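Engineer: One structure coming up, written as structure tokens, with questions to follow.
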Amino acid sequence: MKTIILVDDHVIVRNGLKELIEKLGEFKIVREFDSGDDFLKNLPLEPKPDLVMMDLTMPGLSGDEVMEKLSEMNSDLPVLILTLNAEEATIVKLFRNGARGYLRKDCSAEELRNAINSITTFGYHHNEFLTYSLRNNFEETKRPDYELILDQMSVRERQFLKWVCHEDEYTYDQIASLMEVTARTVDGYRESLFDKFAIKSKTGLVLFVLKHELMKHL
């Protein structure tokens, strides 16, 4: 039985999620909090849950602010963020601060089940991450993940990826200028990485690097 904690300021939402989740499989809601502040005050959680499902938008500390606090605490709690809408920058920030995945609140029951199973089984929920993990079974080798991944990249692709993940959030045109190549060449690096690692977006590239801790090896 996988244990789950809910953090959401709406009682109706929590009740609905609890009923739905416990019908989806071997999942049990073991505790609920109505604010990020209350959740943090009760840390550390004993026993540690398999998953924390947290609303992004709450009074007091929001979900992304809670993730910042957890990051400062070096917490390894697996958190799935629920949101009605999130901009690309917010999603990347959530992953930088340790979130394991995010879902829109209007997702289907099957998407919810898949997200829970992905995080509790693979550690993360992101379609691009999951696809890559299934295509590349790292457990069959003793080599670190980052070595297996970097071996599949050219030197210039690594340089491109480093600029993509820069904190200044450069555009592709700016990266082309920094690398002293044409925009078309940069498009080639991007498409090559998309194809190699089943990635579909710039956000996916950033999250891929964060998940596999590639930045310090680029």
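Counting from 218, one number per residue, gives the positions in the sequence shown under the working numbering. All C-beta atoms, glycine included, are put in the ideal place defined by N, C-alpha and C. Owing to the predicted nature of the structure, the values given are computational and were not obtained by experimental measurement.
#1: Please report the distance separating the alpha-carbon of M270 from that of L223.
#2: Would you call K240 buried or exposed, if buried means 16 or more other Cβ atoms sit within 10 Å of its Cβ?
#3: Leaving out the 5 sequence neighbours to the left and right, which residues in its chain are closer than 8 Å to D404 when beta-carbon positions are compared?
#4: Counting only runs of 3+ residues fully inside the stretch 276 to 312, write out the beta strand (DSSP E) ranges in chain order.
#5: Does the stretch 250 to 269 come into contact with the stretch 287 to 295, if we say contact requires no fewer than three beta-carbon pairs (one atom in each stretch) closer than 8 Å?
#6: Would you mind reading off the limits of the alpha helix (DSSP H) that contains R317?
#7: Nearest-angstrom Cα distance between V283 and K433?
#8: Give the single residue among L234, K245 and S279 whose Cα lies nearest to the Cα of F256.
#9: Go ahead and label R317 buried or exposed: buried means 16 or more other beta carbons lie within 10 angstroms of its beta carbon, across all protein chains shown.
#10: With a threshold of 8 Å, are at least 3 pairs of Cβ atoms found where one atom belongs to the stretch 328 to 341 and the other to the stretch 392 to 399?
#11: Assuming D368 is part of the beta strand (DSSP E), what are its boundary residues?
#12: Assign K245 to one of three DSSP states: helix, strand, or coil.
#13: Leaving out five residues before and five after S178 in sequence, what residues of the same chain have Cβ atoms less than 8 Å from its Cβ?
#14: Tell me, to the nearest whole angstrom, how far the beta carbon of A393 is from that of T402; I am working on the premise that it is less than 8 Å.
#15: In terms of residues, what are the limits of the beta strand (DSSP E) holding M271?
#16: For the beta strand (DSSP E) holding K219, just list the boundary residues, first then last.
#17: DSSP has H342 in a bridge; who is on the other side?
#18: Between R375 and L367, which are expected to be in contact by the criterion C-beta below 8 Å, what is the C-beta distance as a whole number of angstroms?
#19: Using the C-alpha atoms, what's the distance from P264 back to L435?
Structural biologist: Taking the structure as given:
#1: 5 Å
#2: exposed
#3: Around D404, the same chain offers Y389 as residues with beta carbons nearer than 8 Å, after the five sequence neighbours per side are excluded.
#4: Entirely contained in the stretch 276 to 312, the beta strand (DSSP E) runs reaching 3 residues are, in chain order, 296 to 300.
#5: Here the stretch 250 to 269 lies against the stretch 287 to 295, with 3 or more beta-carbon pairs under 8 Å apart.
#6: In the DSSP assignment, R317 falls outside any alpha helix (DSSP H) and carries neither an H nor an E.
#7: 26 Å
#8: S279
#9: buried
#10: no
#11: Annotation: D368 is outside any beta strand (DSSP E) and is labelled neither H nor E by DSSP.
#12: strand
#13: Since the displayed the chain opens at 218 and closes at 435, residue 178 lies outside it and no answer follows.
#14: Correct: roughly 7 Å between the Cβ atoms.
#15: Under the DSSP assignment, M271 falls in the beta strand (DSSP E) whose first and last residues are L268 to D272.
#16: K219 to V224
#17: Answer by DSSP bridge pairing, in chain order: G318.
#18: 7 Å
#19: 38 Å
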